[in-house]
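Count along the sequence shown from 1, add 909, and you get the number used in my numbering. A short worksheet on the structure shown next.
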Amino acid sequence: MNVRSQIKDHIAAQPEPKRSDMQALHDIILGIMPDCKLWFLDGKDENGRVVSNPNIGYGVQTIKYADAKTREFYQIGISANTTGISVYIMGIKDKKYLAEKYGKKIGQASVTGYCIKFRALRNIDIDVLVDAMRYGIEQTRV
């Protein structure tokens, strides 16, 4: 199954209203990054054990590790979780930036170094979320 089909099936499998929110986020991110690489991580390790919630990823960046190894990973990710939705903005060096810049403006969300977590889109300012995603994309542009 190709990545687009995996993403479509994953979103369709979510209960409402999370399904509509995930689809809206997917459409928003594709509007920002129309030709980006798409990722679908099913949340399972190489042994088939569930180790995280499934993630949909957008874009590509190169992550450099302390041992000088590198790997490609997505720039923006979204994931449904038990309490709502997480948006991952990967690759921002300053781990305080998101919370300081967007935390007070975004609405009912938890903002950490790379994650914005909320119950539903209606609880946040979507324009602020889009600004945060655009910032992250710029920081990791190849």
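For each residue, glycine too, the CB sits at the ideal point set by N, CA and C.
Classify residue i as helix, strand or coil using the three-state DSSP reduction.
i, result
"Ser961", "coil"
"Asn990", "strand"
"Tyr997", "strand"
"Val1037", "helix"
"Lys1013", "coil"
"Gln1048", "helix"
"Tyr967", "strand"
Identify the continuous alpha helix (DSSP H) that holds residue i and give its terminal residues.
i, result
"Ala975", "Careful: Ala975 lies outside any alpha helix (DSSP H) and carries neither H nor E."
At the level of alpha carbons, what is the spacing between residue i and residue j?
i, j, result
"Val969", "Glu981", "6 Å"
"Gly1060", "Ile916", "This structure cannot settle anything about residue 1060, because the visible part of the chain is limited to 910 through 1051."
"Lys953", "Asp1040", "31 Å"
"Glu1009", "Met942", "25 Å"
"Val912", "Gln984", "16 Å"
"Asp976", "Asp936", "37 Å"
"Gln1017", "Asn1032", "5 Å"
"Val1020", "Lys1026", "7 Å"
"Thr991", "Asp1003", "28 Å"
"Arg1050", "Asn956", "33 Å"
Given residue i, which residues of its chain have a CB within under 7 Å of its CB, disregarding the five upstream and five downstream residues?
i, result
"Val1037", "Tyr1011, Lys1014, Ile1015"
"Ala989", "Gln923, Lys927, Met931, Asn962"
"Glu925", "none"
"Val959", "Gly952, Lys953"
Locate the beta strand (DSSP E) running through residue i, then write down its first and last residues.
i, result
"Leu950", "947-950"
"Ile920", "That residue, Ile920, is in no beta strand (DSSP E); its alpha helix (DSSP H) goes 912-921."
"Ala933", "That residue, Ala933, is in no beta strand (DSSP E); its alpha helix (DSSP H) goes 927-941."
"Lys1026", "1024-1027"
"Val1020", "1018-1020"
Take residue i and list the residues in its own chain whose beta-carbon comes closer than 6 Å to its own, dropping the five residues that flank it on each side.
i, result
"Asp951", "Pro963"
"Gly986", "Asn964, Gly966, Tyr997"
"Ile1046", "Gln984"
"Cys1024", "Ser995, Tyr997"
"Gly1022", "Lys1004"
Apart from the five residues on each side of it in sequence, which residues of its chain come closer than 8 Å, Cβ to Cβ, to residue i?
i, result
"Ala933", "Leu1030"
Checklist entry - Can we say the segment 939-950 touches the segment 995-1015, given the rule of at least three CB pairs closer than 8 Å? => result no
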